[in-house]
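Numbering (the numbering used here), first residue to last: 1 to 484. Quick reminder that beta carbons are idealized off the backbone N, C-alpha and C, glycines included. All values derive from a computational prediction rather than experimental measurement. The structure appears below as C-alpha coordinates.
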(Lines of atoms letter the chains of each structure in order from A; the text may use other names.)
(Lines give C-alpha, C1' and ligand atoms only; values in the text may rest on other atoms or scores of the structure.)
Protein backbone atom coordinates (compact mmCIF):
# COMPACT_ATOMS: atom_id res chain seq x y z
CA UNK A 1 0.00 0.00 0.00
CA UNK A 2 2.84 2.40 0.82
CA UNK A 3 4.37 1.83 -2.60
CA UNK A 4 1.15 2.75 -4.35
CA UNK A 5 0.74 5.97 -2.35
CA UNK A 6 4.38 7.09 -3.02
CA UNK A 7 4.13 6.93 -6.81
CA UNK A 8 2.00 10.07 -7.30
CA UNK A 9 4.45 12.06 -5.05
CA UNK A 10 7.45 11.12 -7.26
CA UNK A 11 5.47 12.00 -10.36
CA UNK A 12 4.59 15.40 -8.84
CA UNK A 13 8.24 16.17 -7.98
CA UNK A 14 9.26 15.15 -11.46
CA UNK A 15 6.79 17.59 -12.98
CA UNK A 16 8.08 20.43 -10.75
CA UNK A 17 11.67 19.68 -11.71
CA UNK A 18 10.68 19.77 -15.38
CA UNK A 19 8.98 23.15 -14.91
CA UNK A 20 12.10 24.57 -13.23
CA UNK A 21 14.31 23.26 -16.05
CA UNK A 22 12.06 24.84 -18.70
CA UNK A 23 12.11 28.19 -16.85
CA UNK A 24 15.91 28.00 -16.53
CA UNK A 25 16.32 27.29 -20.24
CA UNK A 26 14.00 30.17 -21.10
CA UNK A 27 16.06 32.51 -18.82
CA UNK A 28 19.31 31.47 -20.52
CA UNK A 29 17.74 31.87 -23.96
CA UNK A 30 16.59 35.43 -23.22
CA UNK A 31 19.43 36.82 -21.10
CA UNK A 32 22.32 34.57 -22.08
CA UNK A 33 22.11 35.70 -25.70
CA UNK A 34 22.54 39.32 -24.62
CA UNK A 35 25.52 38.43 -22.44
CA UNK A 36 27.19 36.53 -25.27
CA UNK A 37 26.60 39.39 -27.73
CA UNK A 38 28.02 41.89 -25.22
CA UNK A 39 31.07 39.67 -24.67
CA UNK A 40 31.60 39.29 -28.42
CA UNK A 41 31.34 43.06 -28.95
CA UNK A 42 33.88 43.75 -26.22
CA UNK A 43 36.38 41.19 -27.51
CA UNK A 44 36.10 42.10 -31.20
CA UNK A 45 36.17 45.91 -30.94
CA UNK A 46 38.45 46.31 -27.93
CA UNK A 47 35.94 48.35 -25.93
CA UNK A 48 32.55 47.75 -24.31
CA UNK A 49 29.32 48.33 -26.17
CA UNK A 50 28.40 52.03 -26.20
CA UNK A 51 25.10 53.68 -25.37
CA UNK A 52 25.63 56.00 -28.34
CA UNK A 53 26.16 59.73 -28.74
CA UNK A 54 24.64 62.59 -30.72
CA UNK A 55 27.09 61.76 -33.52
CA UNK A 56 26.43 58.02 -33.49
CA UNK A 57 26.14 56.79 -37.09
CA UNK A 58 27.36 60.17 -38.35
CA UNK A 59 30.54 61.49 -39.94
CA UNK A 60 33.06 63.63 -38.03
CA UNK A 61 35.85 65.32 -40.00
CA UNK A 62 38.86 66.45 -37.95
CA UNK A 63 41.17 68.94 -39.67
CA UNK A 64 44.55 68.53 -37.97
CA UNK A 65 45.99 65.22 -36.78
CA UNK A 66 48.26 66.38 -34.00
CA UNK A 67 48.03 65.10 -30.41
CA UNK A 68 44.69 66.83 -29.73
CA UNK A 69 42.98 65.66 -32.94
CA UNK A 70 44.22 62.10 -32.41
CA UNK A 71 43.12 62.13 -28.76
CA UNK A 72 39.61 63.11 -29.89
CA UNK A 73 39.56 60.23 -32.38
CA UNK A 74 40.69 57.71 -29.75
CA UNK A 75 38.38 58.87 -26.95
CA UNK A 76 35.34 59.34 -29.18
CA UNK A 77 35.86 55.93 -30.78
CA UNK A 78 36.18 54.27 -27.39
CA UNK A 79 32.97 55.90 -26.18
CA UNK A 80 31.00 55.34 -29.39
CA UNK A 81 32.52 53.08 -32.08
CA UNK A 82 29.59 53.83 -34.40
CA UNK A 83 31.00 57.27 -35.29
CA UNK A 84 32.91 57.55 -38.57
CA UNK A 85 35.97 59.77 -38.08
CA UNK A 86 38.20 61.12 -40.85
CA UNK A 87 41.37 63.01 -39.92
CA UNK A 88 43.23 65.26 -42.36
CA UNK A 89 46.68 66.75 -41.82
CA UNK A 90 48.77 68.92 -44.12
CA UNK A 91 52.06 67.42 -42.96
CA UNK A 92 53.32 64.75 -45.34
CA UNK A 93 56.47 63.79 -43.41
CA UNK A 94 58.05 64.24 -39.99
CA UNK A 95 60.29 67.24 -39.32
CA UNK A 96 64.01 66.76 -38.64
CA UNK A 97 63.89 69.39 -35.89
CA UNK A 98 60.63 68.58 -34.11
CA UNK A 99 60.45 70.27 -30.73
CA UNK A 100 60.44 68.40 -27.43
CA UNK A 101 57.30 68.11 -25.34
CA UNK A 102 57.02 67.34 -21.64
CA UNK A 103 54.17 64.91 -20.86
CA UNK A 104 53.10 66.38 -17.53
CA UNK A 105 50.68 64.96 -14.96
CA UNK A 106 47.56 66.58 -16.42
CA UNK A 107 48.43 65.36 -19.90
CA UNK A 108 49.14 61.86 -18.57
CA UNK A 109 45.79 61.84 -16.79
CA UNK A 110 43.86 62.56 -20.00
CA UNK A 111 45.84 60.13 -22.20
CA UNK A 112 45.00 57.38 -19.69
CA UNK A 113 41.29 57.90 -20.47
CA UNK A 114 41.83 55.44 -23.33
CA UNK A 115 43.41 52.18 -22.10
CA UNK A 116 46.81 51.65 -23.70
CA UNK A 117 47.05 55.09 -25.33
CA UNK A 118 49.39 56.63 -22.75
CA UNK A 119 51.83 53.70 -22.82
CA UNK A 120 52.12 53.80 -26.61
CA UNK A 121 52.25 57.62 -26.73
CA UNK A 122 55.41 57.70 -24.57
CA UNK A 123 56.96 54.51 -25.97
CA UNK A 124 59.73 56.64 -27.53
CA UNK A 125 60.60 59.04 -24.73
CA UNK A 126 63.38 60.23 -22.45
CA UNK A 127 63.10 61.29 -18.83
CA UNK A 128 64.60 64.24 -17.01
CA UNK A 129 65.20 63.14 -13.43
CA UNK A 130 64.74 66.65 -12.02
CA UNK A 131 61.30 66.97 -13.67
CA UNK A 132 60.05 63.42 -13.12
CA UNK A 133 58.07 63.35 -16.37
CA UNK A 134 58.77 61.83 -19.81
CA UNK A 135 59.88 64.10 -22.66
CA UNK A 136 58.95 63.21 -26.22
CA UNK A 137 59.55 64.65 -29.65
CA UNK A 138 56.24 66.03 -30.91
CA UNK A 139 56.62 64.00 -34.11
CA UNK A 140 57.28 60.78 -32.15
CA UNK A 141 54.24 61.49 -29.97
CA UNK A 142 52.04 62.12 -33.00
CA UNK A 143 53.30 59.04 -34.82
CA UNK A 144 52.70 56.74 -31.86
CA UNK A 145 49.24 58.16 -31.20
CA UNK A 146 48.24 57.78 -34.87
CA UNK A 147 49.52 54.18 -34.85
CA UNK A 148 47.37 53.48 -31.80
CA UNK A 149 44.23 55.01 -33.32
CA UNK A 150 44.54 53.19 -36.64
CA UNK A 151 45.41 49.85 -34.98
CA UNK A 152 42.55 49.92 -32.46
CA UNK A 153 39.67 51.74 -34.13
CA UNK A 154 38.50 50.63 -37.57
CA UNK A 155 36.06 53.57 -37.76
CA UNK A 156 38.98 56.03 -38.11
CA UNK A 157 40.77 57.08 -41.28
CA UNK A 158 43.88 59.31 -41.51
CA UNK A 159 45.01 61.20 -44.63
CA UNK A 160 48.38 62.99 -44.62
CA UNK A 161 49.57 65.68 -47.03
CA UNK A 162 46.05 67.08 -47.47
CA UNK A 163 44.63 70.21 -45.86
CA UNK A 164 41.33 72.05 -45.82
CA UNK A 165 41.29 75.10 -48.14
CA UNK A 166 37.63 76.13 -47.85
CA UNK A 167 34.45 75.31 -45.95
CA UNK A 168 30.80 75.52 -47.05
CA UNK A 169 29.13 75.77 -43.65
CA UNK A 170 25.58 75.62 -45.05
CA UNK A 171 26.17 72.54 -47.21
CA UNK A 172 28.46 71.00 -44.53
CA UNK A 173 31.27 70.31 -46.98
CA UNK A 174 34.98 71.08 -47.09
CA UNK A 175 37.28 71.29 -50.09
CA UNK A 176 40.79 69.94 -49.62
CA UNK A 177 44.09 70.91 -51.25
CA UNK A 178 43.74 67.92 -53.59
CA UNK A 179 40.33 69.17 -54.81
CA UNK A 180 38.44 66.49 -52.88
CA UNK A 181 35.00 67.39 -51.49
CA UNK A 182 34.39 65.90 -48.02
CA UNK A 183 30.98 66.00 -46.35
CA UNK A 184 30.58 66.15 -42.59
CA UNK A 185 27.97 66.12 -39.85
CA UNK A 186 30.49 67.60 -37.39
CA UNK A 187 33.63 69.49 -38.43
CA UNK A 188 36.41 69.95 -35.86
CA UNK A 189 39.22 72.45 -36.31
CA UNK A 190 42.32 70.97 -34.66
CA UNK A 191 44.70 72.71 -37.06
CA UNK A 192 46.61 74.81 -34.57
CA UNK A 193 47.00 78.44 -33.71
CA UNK A 194 46.96 79.47 -37.41
CA UNK A 195 43.74 77.50 -37.93
CA UNK A 196 42.08 77.84 -41.33
CA UNK A 197 38.84 76.58 -39.80
CA UNK A 198 38.84 79.27 -37.09
CA UNK A 199 39.75 81.93 -39.63
CA UNK A 200 36.72 81.07 -41.77
CA UNK A 201 34.42 80.73 -38.75
CA UNK A 202 35.37 84.18 -37.41
CA UNK A 203 35.02 85.73 -40.88
CA UNK A 204 31.55 84.27 -41.47
CA UNK A 205 30.28 84.82 -37.92
CA UNK A 206 31.21 88.50 -37.95
CA UNK A 207 30.73 90.31 -34.64
CA UNK A 208 28.96 87.34 -33.02
CA UNK A 209 32.33 85.71 -32.22
CA UNK A 210 35.03 87.85 -30.63
CA UNK A 211 38.68 86.88 -31.03
CA UNK A 212 41.66 88.32 -29.15
CA UNK A 213 44.80 87.25 -30.96
CA UNK A 214 48.20 88.82 -30.32
CA UNK A 215 51.87 88.01 -30.80
CA UNK A 216 54.43 88.09 -28.04
CA UNK A 217 57.87 89.50 -28.79
CA UNK A 218 59.51 86.12 -29.15
CA UNK A 219 60.43 83.68 -31.89
CA UNK A 220 61.58 80.10 -31.47
CA UNK A 221 63.04 77.11 -33.25
CA UNK A 222 64.20 73.62 -32.29
CA UNK A 223 67.41 71.94 -33.41
CA UNK A 224 68.21 68.22 -33.22
CA UNK A 225 71.67 67.24 -32.02
CA UNK A 226 73.20 63.75 -32.20
CA UNK A 227 74.62 62.10 -29.07
CA UNK A 228 77.11 64.47 -27.44
CA UNK A 229 80.46 63.51 -25.86
CA UNK A 230 80.30 66.22 -23.16
CA UNK A 231 76.59 66.38 -22.31
CA UNK A 232 74.72 63.97 -20.05
CA UNK A 233 71.95 61.99 -21.74
CA UNK A 234 69.25 63.47 -19.49
CA UNK A 235 70.55 67.03 -19.68
CA UNK A 236 68.13 69.89 -19.00
CA UNK A 237 70.68 72.71 -18.99
CA UNK A 238 69.70 76.31 -19.81
CA UNK A 239 71.31 78.08 -22.76
CA UNK A 240 72.56 81.67 -22.63
CA UNK A 241 73.97 83.81 -25.42
CA UNK A 242 73.63 87.45 -26.58
CA UNK A 243 71.87 86.27 -29.75
CA UNK A 244 69.03 84.56 -27.86
CA UNK A 245 66.68 85.44 -25.00
CA UNK A 246 66.96 81.91 -23.63
CA UNK A 247 66.83 78.24 -24.40
CA UNK A 248 67.11 74.67 -23.12
CA UNK A 249 68.87 71.44 -23.88
CA UNK A 250 66.32 68.62 -23.83
CA UNK A 251 66.99 64.86 -24.02
CA UNK A 252 65.73 63.05 -27.10
CA UNK A 253 64.93 59.34 -27.31
CA UNK A 254 66.53 56.98 -28.09
CA UNK A 255 69.64 59.20 -27.97
CA UNK A 256 70.77 62.72 -28.67
CA UNK A 257 69.24 66.05 -27.72
CA UNK A 258 66.91 68.81 -28.85
CA UNK A 259 67.86 72.45 -28.44
CA UNK A 260 64.92 74.81 -27.94
CA UNK A 261 65.95 78.41 -28.66
CA UNK A 262 64.01 81.65 -28.09
CA UNK A 263 64.96 85.13 -29.25
CA UNK A 264 63.42 88.57 -29.37
CA UNK A 265 62.81 89.98 -32.80
CA UNK A 266 64.68 93.27 -32.50
CA UNK A 267 64.46 94.10 -36.22
CA UNK A 268 61.21 92.37 -37.23
CA UNK A 269 60.97 89.52 -39.71
CA UNK A 270 64.02 87.61 -38.44
CA UNK A 271 63.64 83.85 -38.84
CA UNK A 272 66.95 83.12 -37.09
CA UNK A 273 68.58 84.30 -33.86
CA UNK A 274 69.97 87.82 -34.04
CA UNK A 275 73.30 87.88 -35.87
CA UNK A 276 72.91 84.32 -37.22
CA UNK A 277 72.80 84.31 -41.02
CA UNK A 278 74.72 81.17 -42.01
CA UNK A 279 75.23 77.61 -40.79
CA UNK A 280 78.70 78.58 -39.55
CA UNK A 281 77.18 81.46 -37.54
CA UNK A 282 74.70 79.01 -36.02
CA UNK A 283 77.41 76.50 -35.07
CA UNK A 284 79.51 79.17 -33.37
CA UNK A 285 76.52 80.55 -31.46
CA UNK A 286 75.52 77.09 -30.19
CA UNK A 287 79.04 76.15 -29.11
CA UNK A 288 79.26 79.40 -27.13
CA UNK A 289 75.76 78.96 -25.66
CA UNK A 290 76.62 75.42 -24.53
CA UNK A 291 79.36 76.68 -22.22
CA UNK A 292 77.99 77.29 -18.72
CA UNK A 293 77.56 80.92 -17.83
CA UNK A 294 75.78 82.71 -15.03
CA UNK A 295 73.32 85.45 -15.89
CA UNK A 296 74.55 88.93 -14.97
CA UNK A 297 71.08 89.96 -13.82
CA UNK A 298 69.26 86.79 -12.71
CA UNK A 299 65.52 87.06 -12.17
CA UNK A 300 64.84 86.05 -8.53
CA UNK A 301 61.38 84.71 -9.40
CA UNK A 302 62.77 82.18 -11.88
CA UNK A 303 65.15 80.79 -9.27
CA UNK A 304 62.47 80.78 -6.58
CA UNK A 305 60.06 78.84 -8.82
CA UNK A 306 62.68 76.26 -9.85
CA UNK A 307 63.02 77.42 -13.45
CA UNK A 308 66.82 77.71 -13.36
CA UNK A 309 67.56 73.99 -13.10
CA UNK A 310 70.57 72.80 -15.09
CA UNK A 311 73.60 70.55 -15.19
CA UNK A 312 76.79 70.72 -13.18
CA UNK A 313 79.14 73.51 -14.25
CA UNK A 314 81.41 72.59 -17.15
CA UNK A 315 83.22 74.70 -19.74
CA UNK A 316 84.95 73.91 -23.03
CA UNK A 317 82.18 71.55 -24.10
CA UNK A 318 82.63 69.98 -27.51
CA UNK A 319 79.50 69.94 -29.67
CA UNK A 320 78.72 67.46 -32.48
CA UNK A 321 76.25 68.60 -35.16
CA UNK A 322 73.86 67.02 -37.65
CA UNK A 323 74.43 68.92 -40.92
CA UNK A 324 70.95 68.20 -42.31
CA UNK A 325 69.38 69.49 -39.10
CA UNK A 326 71.47 72.68 -39.27
CA UNK A 327 70.40 73.33 -42.85
CA UNK A 328 66.72 72.80 -42.02
CA UNK A 329 67.03 75.13 -39.02
CA UNK A 330 68.55 77.99 -41.05
CA UNK A 331 66.01 77.69 -43.89
CA UNK A 332 62.84 77.08 -41.88
CA UNK A 333 60.35 79.64 -40.67
CA UNK A 334 60.55 80.55 -36.98
CA UNK A 335 57.67 79.80 -34.67
CA UNK A 336 55.88 82.62 -32.86
CA UNK A 337 54.54 82.89 -29.33
CA UNK A 338 50.80 83.54 -29.70
CA UNK A 339 48.21 84.66 -27.18
CA UNK A 340 44.74 83.61 -28.35
CA UNK A 341 41.38 83.83 -26.63
CA UNK A 342 38.09 83.35 -28.44
CA UNK A 343 34.70 83.61 -26.72
CA UNK A 344 33.02 80.74 -28.58
CA UNK A 345 34.48 77.33 -29.41
CA UNK A 346 31.72 76.33 -31.82
CA UNK A 347 29.77 77.67 -34.76
CA UNK A 348 26.14 76.84 -35.52
CA UNK A 349 25.31 73.17 -34.89
CA UNK A 350 28.12 71.50 -36.80
CA UNK A 351 31.54 73.10 -36.20
CA UNK A 352 33.84 72.97 -33.16
CA UNK A 353 37.35 74.21 -32.36
CA UNK A 354 39.77 72.25 -30.15
CA UNK A 355 43.34 72.69 -28.93
CA UNK A 356 45.40 75.64 -30.17
CA UNK A 357 42.66 76.41 -32.70
CA UNK A 358 40.56 77.60 -29.76
CA UNK A 359 43.14 78.82 -27.23
CA UNK A 360 46.91 79.39 -27.36
CA UNK A 361 49.59 80.84 -25.11
CA UNK A 362 53.34 80.74 -24.45
CA UNK A 363 54.97 77.48 -23.37
CA UNK A 364 56.55 78.61 -20.08
CA UNK A 365 54.28 76.53 -17.80
CA UNK A 366 54.15 73.56 -20.20
CA UNK A 367 50.35 73.31 -20.25
CA UNK A 368 49.50 73.90 -23.92
CA UNK A 369 48.85 70.30 -24.94
CA UNK A 370 47.33 69.44 -21.54
CA UNK A 371 44.79 72.25 -21.90
CA UNK A 372 43.93 71.06 -25.41
CA UNK A 373 43.35 67.49 -24.20
CA UNK A 374 41.26 68.74 -21.28
CA UNK A 375 38.93 70.79 -23.47
CA UNK A 376 38.68 67.92 -25.97
CA UNK A 377 37.67 65.59 -23.13
CA UNK A 378 34.93 68.09 -22.27
CA UNK A 379 33.73 68.03 -25.89
CA UNK A 380 33.50 64.23 -26.01
CA UNK A 381 31.60 64.15 -22.71
CA UNK A 382 29.16 66.73 -24.09
CA UNK A 383 28.65 64.67 -27.25
CA UNK A 384 27.89 61.62 -25.10
CA UNK A 385 25.44 63.27 -22.68
CA UNK A 386 23.56 65.87 -24.75
CA UNK A 387 20.36 65.23 -26.66
CA UNK A 388 21.24 67.27 -29.76
CA UNK A 389 24.47 68.23 -31.50
CA UNK A 390 23.65 71.91 -31.10
CA UNK A 391 23.26 71.48 -27.32
CA UNK A 392 26.48 69.44 -27.14
CA UNK A 393 28.54 72.15 -28.84
CA UNK A 394 26.96 74.91 -26.77
CA UNK A 395 27.66 73.00 -23.54
CA UNK A 396 31.22 72.36 -24.70
CA UNK A 397 31.90 76.08 -25.16
CA UNK A 398 30.36 76.93 -21.81
CA UNK A 399 32.35 74.36 -19.82
CA UNK A 400 35.69 74.32 -21.67
CA UNK A 401 36.06 78.09 -22.08
CA UNK A 402 36.26 78.77 -18.34
CA UNK A 403 39.30 76.53 -17.77
CA UNK A 404 41.04 77.35 -21.06
CA UNK A 405 40.69 81.10 -20.49
CA UNK A 406 42.04 80.67 -16.95
CA UNK A 407 45.13 78.86 -18.25
CA UNK A 408 45.64 81.50 -20.95
CA UNK A 409 45.68 84.14 -18.20
CA UNK A 410 48.05 82.04 -16.05
CA UNK A 411 50.53 81.96 -18.94
CA UNK A 412 50.96 85.73 -18.49
CA UNK A 413 53.08 85.01 -15.40
CA UNK A 414 55.81 84.90 -18.06
CA UNK A 415 55.80 88.71 -17.87
CA UNK A 416 56.88 88.59 -14.22
CA UNK A 417 59.54 85.90 -14.30
CA UNK A 418 61.24 86.59 -17.65
CA UNK A 419 63.24 89.58 -18.87
CA UNK A 420 65.61 90.14 -15.96
CA UNK A 421 64.72 92.39 -13.02
CA UNK A 422 61.89 94.87 -13.68
CA UNK A 423 59.02 96.52 -11.83
CA UNK A 424 56.55 93.64 -12.36
CA UNK A 425 59.04 91.02 -11.12
CA UNK A 426 59.85 93.08 -8.02
CA UNK A 427 56.18 93.61 -7.15
CA UNK A 428 55.31 90.00 -7.99
CA UNK A 429 57.92 88.45 -5.69
CA UNK A 430 56.01 88.86 -2.39
CA UNK A 431 52.78 87.62 -3.99
CA UNK A 432 54.45 84.42 -5.21
CA UNK A 433 56.21 83.97 -1.85
CA UNK A 434 52.92 84.35 0.04
CA UNK A 435 51.21 81.63 -2.00
CA UNK A 436 54.20 79.32 -1.50
CA UNK A 437 54.12 79.88 2.28
CA UNK A 438 50.44 78.93 2.45
CA UNK A 439 51.06 75.79 0.38
CA UNK A 440 49.62 77.14 -2.87
CA UNK A 441 52.73 77.75 -4.94
CA UNK A 442 51.92 78.28 -8.61
CA UNK A 443 54.00 75.41 -10.04
CA UNK A 444 52.90 73.04 -7.28
CA UNK A 445 49.24 73.72 -8.08
CA UNK A 446 49.75 73.52 -11.85
CA UNK A 447 50.92 69.90 -11.65
CA UNK A 448 48.05 68.88 -9.32
CA UNK A 449 45.42 67.28 -11.56
CA UNK A 450 42.74 67.81 -8.91
CA UNK A 451 43.04 71.62 -8.92
CA UNK A 452 41.21 73.43 -11.78
CA UNK A 453 43.10 76.10 -13.69
CA UNK A 454 40.33 78.54 -12.72
CA UNK A 455 41.08 78.01 -9.02
CA UNK A 456 44.81 78.65 -9.57
CA UNK A 457 44.04 81.81 -11.54
CA UNK A 458 41.85 83.06 -8.71
CA UNK A 459 44.59 82.37 -6.14
CA UNK A 460 47.02 84.43 -8.24
CA UNK A 461 44.61 87.13 -9.41
CA UNK A 462 46.65 90.12 -8.13
CA UNK A 463 49.84 88.83 -9.74
CA UNK A 464 48.03 88.13 -13.02
CA UNK A 465 46.53 91.63 -13.12
CA UNK A 466 50.04 93.10 -12.93
CA UNK A 467 51.28 90.69 -15.58
CA UNK A 468 48.38 91.54 -17.89
CA UNK A 469 49.20 95.24 -17.69
CA UNK A 470 52.78 94.51 -18.77
CA UNK A 471 51.53 92.14 -21.49
CA UNK A 472 49.18 94.82 -22.87
CA UNK A 473 52.12 97.24 -23.15
CA UNK A 474 54.40 94.78 -24.95
CA UNK A 475 52.02 92.66 -27.08
CA UNK A 476 51.91 93.05 -30.85
CA UNK A 477 48.85 92.78 -33.11
CA UNK A 478 48.72 89.68 -35.27
CA UNK A 479 49.67 91.57 -38.46
CA UNK A 480 52.38 93.72 -36.80
CA UNK A 481 55.38 92.18 -38.55
CA UNK A 482 53.69 91.63 -41.91
CA UNK A 483 53.06 95.40 -42.15
CA UNK A 484 56.68 96.38 -41.49
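Scanning the region 117-203 from its first residue to its last, the whole beta strand (DSSP E) runs of 3-plus residues come out as 126-128, 133-137, 156-160, 164-168, 173-176, 181-183 and 186-189. Spatial neighbours of residue 241 in its own chain (CB-CB distance under 7 Å, excluding positions within 5 residues in sequence) are listed in chain order as 285, 288 and 289. When only Cα atoms are considered, residue 356 and residue 154 end up about 27 Å apart. Distances from the CA of residue 193 to each of 128, 335, 448 and 275 were compared; the closest alpha carbon is that of 335. As far as DSSP is concerned, residue 374 takes part in no beta bridge. The DSSP-derived three-state label of residue 73 is helix.
Taking every protein chain shown into account, the CB of residue 280 has fewer than 16 other CB atoms within 10 angstroms, so this residue is exposed. The Cβ atoms of residue 343 and residue 209 sit closer than 8 Å to each other. Considering only 451, 258 and 173, the residue with the shortest C-alpha distance to residue 99 is 258. Inter-residue distance for residue 75 and residue 229 is about 42 Å (C-alpha atoms, whole angstroms).
Distance from the Cα of residue 183 is smallest, within the candidate group 191, 458 and 171, for 171.
The shortest CA-to-CA distance from residue 97 to any of 461, 256, 77 and 291 is the one to 256.
Shortest Cα-Cα distance from residue 145 to any of 423, 283 and 69 involves 69. Annotated three-state conformation of residue 83 is coil, per DSSP.
Residue 291 and residue 359 have their alpha carbons spaced roughly 37 Å apart. Looking only at 168, 373 and 180, the smallest Cα-Cα distance to residue 186 is reached by 168.
The C-beta distance from residue 91 to residue 160 rounds to 6 Å, short enough to fall under 8 Å.
CA-to-CA, the gap between residue 235 and residue 147 works out to about 29 Å. Pairing residue 464 with residue 409 gives a Cβ-Cβ distance under 8 Å. Burial state of residue 105 is exposed, judged by a 10 Å Cβ sphere holding fewer than 16 other Cβ atoms. Secondary structure of residue 409 (DSSP, three-state): helix.
By the C-beta criterion, the region 219-233 is judged to be in contact with the region 314-323, since at least 3 inter-stretch pairs fall below 8 Å. The Cβ-Cβ distance between residue 414 and residue 331 does not fall below 8 Å. Excluding its 5 nearest sequence neighbours in each direction, residue 277 has no C-beta neighbour in its own chain below 8 Å. Here DSSP, grouped into helix, strand and coil, assigns residue 333 to coil.
Taking the C-beta atoms as reference points, residue 55 is found no nearer than 8 Å to residue 388. In this model, residue 395 and residue 114 are separated by some 23 Å (Cα to Cα). Look at residue 430 here: in three-state DSSP terms it is helix. Taking a 10 Å sphere around the C-beta of residue 216, we find 16 or more other C-beta atoms and assign the residue as buried. If you look at residue 62, you'll find it in the beta strand (DSSP E) that goes 59-63. Exposed is the label assigned to residue 479, since fewer than 16 other Cβ atoms lie within 10 Å of its Cβ. Around the beta-carbon of residue 376, 16 or more other beta-carbon atoms lie within 10 Å, marking it buried. Residue 345: not part of any alpha helix (DSSP H); DSSP gives it neither H nor E. At the C-beta level, residue 102 and residue 141 stay beyond 8 Å of one another.
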